[in-house]
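2 protein chains.
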Amino acid sequence: MEAAIDTLVTHFKTYAGKDGSSQTLSKEEFQSLVVSQLPNLVKNAADPAVIDQLMGSLDENNDGELNFLEFWQLIGKLASKRGNFSL
Amino acid sequence: MEAAIDTLVTHFKTYAGKDGSSQTLSKEEFQSLVVSQLPNLVKNAADPAVIDQLMGSLDENNDGELNFLEFWQLIGKLASKRGNFSL
Numbered sequence: 806m807e808a809a810i811d812t813l814v815t816h817f818k819t820y821a822g823k824d825g826s827s828q829t830l831s832k833e834e835f836q837s838l839v840v841s842q843l844p845n846l847v848k849n850a851a852d853p854a855v856i857d858q859l860m861g862s863l864d865e866n867n868d869g870e871l872n873f874l875e876f877w878q879l880i881g882k883l884a885s886k887r888g889n890f891s892l
Numbered sequence: 806m807e808a809a810i811d812t813l814v815t816h817f818k819t820y821a822g823k824d825g826s827s828q829t830l831s832k833e834e835f836q837s838l839v840v841s842q843l844p845n846l847v848k849n850a851a852d853p854a855v856i857d858q859l860m861g862s863l864d865e866n867n868d869g870e871l872n873f874l875e876f877w878q879l880i881g882k883l884a885s886k887r888g889n890f891s892l
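Chains as they are written, first to last, in this note's numbering: chain X, 806 to 892; chain P, 806 to 892.
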């Protein structure tokens with residue numbers, strides 16, 4: 806499991822680091838990550854409205870960026886749906 | 806990233822399913838998972854007190870079991886520490 810966790814951390818940093826700071830994902834970085842890394846878990850990710858909706862639901866401090874734990878909430882919801890876990 | 810997410814979901818189900826229901830982890834299942842799957846991320850996991858403390862901090866509905874999203878919180882905190890993200 807640790808390798809899988811490292812994969813998620815490393816990918817987050819790769820996409821978050823495109824604009825300098827690798828602490829947060831801008832909307833563009835978030836869309837780029839979702840389109841290329843989560844093609845099956847997030848449908849129509851190329852549609853800006855999908856990304857706006859996702860980001861709106863995650864960006865708890867409304868700074869227009871997603872920090873790691875805000876991003877981690879998304880992955881948790883997707884994983885939970887994937888595993889058919891009752892919420 | 807999707808493969809890494811699947812790995813985490815699959816492992817959760819493997820350990821959670823030991824006592825029949827694969828929706829939640831009992832304390833024993835949780836300890837077994839942490840000892841074997843998170844040896845570097847969780848130190849001294851063989852110590853029941855460590856497991857009690859971890860579970861106490863995660864088991865939000867206090868039913869003595871960890872559902873997937875409660876478990877996901879732990880992984881998020883460990884991943885965040887691993888990635889040196891400021892909380």
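Beta carbons are placed, not taken as given, at the ideal position from N, Cα and C, and that holds for glycine. Remember, predicted model here, so these are calculated numbers, not experimental data.
Nearest to residue 854(X) by alpha-carbon distance, out of 878(X), 828(X), 866(X), 836(X), is 836(X). Here the alpha carbon of residue 823(P) sits roughly 17 Å from the alpha carbon of residue 812(P). The beta carbon of residue 865(P) sits closer than 7 Å to the beta carbons of 875 from its chain, once the five residues preceding and following it are set aside; these are given in chain order.
Taking a cut-off of 8 Å on C-beta distances, the segment 828-848 of chain P does not touch the segment 847-862 of chain X, as fewer than three cross pairs fall below it. Take residue 872(P), set aside five residues on each side of it, and the residues of its chain with a beta-carbon closer than 7 Å to its own are 828, 829, in chain order. Note on geometry: alpha-carbon atoms of residue 878(P) and residue 863(P) lie some 7 Å from one another. The C-beta distance from residue 832(X) to residue 869(X) rounds to 7 Å, short enough to fall under 8 Å.
The beta carbons of residue 808(P) and residue 810(X) sit no closer together than 8 Å. Residues of chain P with a Cβ closer than 8 Å to the Cβ of residue 818(X) are, in chain order, 888. Of all residues in the segment 840-854 of chain X, only 842, 843, 844, 845, 846 come within less than 8 Å of chain P when Cβ atoms are compared, listed by chain position.
Counted as a single uninterrupted DSSP element, the stretch harbouring residue 891(P) is not any alpha helix (DSSP H), since DSSP gives it neither H nor E. For residue 815(P) and residue 888(X), the gap between their C-alpha atoms comes out near 8 Å. By the rule that beta-carbons nearer than 8 Å mark a contact, residue 872(X) touches chain P. For the set 834(X), 886(X), 880(X), the Cα lying nearest the Cα of residue 806(P) is the one of 880(X).
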